[in-house]
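Using full-length UniProt numbering, read the sequence shown as starting at 1 and increasing by one per residue. We put the beta carbon where it would ideally sit given N, CA and C, even for glycine. Keep in mind the model is a prediction, meaning the values are calculated, not measured.
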Amino acid sequence: MAPRSDRPDGRPDEPVDDERWARIVAELGDVDSAADATAAGGLDFPVAPGVESPFGDRSRVVRPAAGDPSDPLASASGRDWDGTAQYDEAESGVDEQEGFVAPDPGPVLGGDPLLTMAWFAAAGMPLLLLVLLIAWRDAPAALIQAACVVFVLGVAVLVWRMPPRRERQDDDGAVV
């Protein structure tokens, strides 16, 4: 198939995919001659000119050494080995030796109730206003004003309860 010319200046377009593929295949070497050389005992890797191969003209086959018959994993392939269960057992053994017990997490909302309400007001009122503006366009002005007042009061409580200065920490690393 010849390249088509759809351009106004008359120049041919890029070759079609079939033409490109044919050109690539033509540039490849003769694969059969390489396979025949390997089957005839030739090397399957190139050797620099003037250098003799340590294997001579014969091919070399590398096989793994025979394993210890008492080792159950010596004959197992990578898919036969249940590594996940063994990793879990090893990790639980290390955990038992270290004796680390994670501390119980504190209550989520069990802190200071005033601070909890202030956070809900500061974070919840903008979300409520957004929902009101999207879902209930004719919301009463008093409801919108009340939400704004609750938001301002929540932020004021958070600022009021903020510590006056940072606590001094003597270390320079992360606390985990």
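Task: Pick from Val152, Leu153, Leu132 that is closest to Leu143, judged by C-alpha positions - done: By one-based count along the sequence shown, residue 143 stands at place 143. Between Leu143 and the set Val152, Leu153, Leu132, the nearest pair of CA atoms involves Leu132.
Task: Continuous alpha helix (DSSP H) assignments of at least 4 residues falling wholly in the region 103-163 - done: Correct list: 113-135, 141-160.
TODO: Taking Arg161 as the reference, give the member of Met117, Asp95, Val25 with the closest Cα.
DONE: Position 161 of the sequence shown, counted from the start, is the residue given in the question as residue 161. Ranking Met117, Asp95, Val25 by Cα distance to Arg161 puts Met117 first.
Task: For Ala85, three-class secondary structure by DSSP - done: Taking the sequence shown and counting its residues from 1, the one referred to as residue 85 is at position 85. Here Ala85 sits in helix by DSSP.
TODO: Pull up the distance between the alpha-carbon of Phe120 and that of Leu127, whole angstroms please.
DONE: For the purposes of this step, residue 120 is identified with residue 120 of the sequence shown, where counting begins at 1. For the purposes of this step, residue 127 is identified with residue 127 of the sequence shown, where counting begins at 1. For Phe120 and Leu127, the distance between alpha carbons rounds to 10 Å.
Task: Sequence-distant residues of its chain with Cβ nearer than 6 Å to Leu109 (five each side left out) - done: Here the question's residue 109 lines up with position 109 in the sequence shown. So the qualifying residues of the chain are Thr116.
Task: Distance between beta carbons of Val155 and Ala122, contact taken as under 8 Å - done: Reading the sequence shown from its first residue, position 122 is the one you call residue 122. Reading the sequence shown from its first residue, position 155 is the one you call residue 155. Rounded, the Cβ-Cβ distance is 5 Å, consistent with contact.
- [ ] Can you tell me which of the three DSSP states Gly93 falls into?
- [x] Reading the sequence shown from its first residue, position 93 is the one you call residue 93. Per DSSP, reduced to three states, the secondary structure at Gly93 is helical.
TODO: Output the distance between the C-alpha atoms of Gln86 and Gly93, rounded to the nearest integer angstrom.
DONE: As a first step, residue 86 is located in the sequence shown; it is residue number 86 there, counting from the start. As a first step, residue 93 is located in the sequence shown; it is residue number 93 there, counting from the start. When only Cα atoms are considered, Gln86 and Gly93 end up about 11 Å apart.
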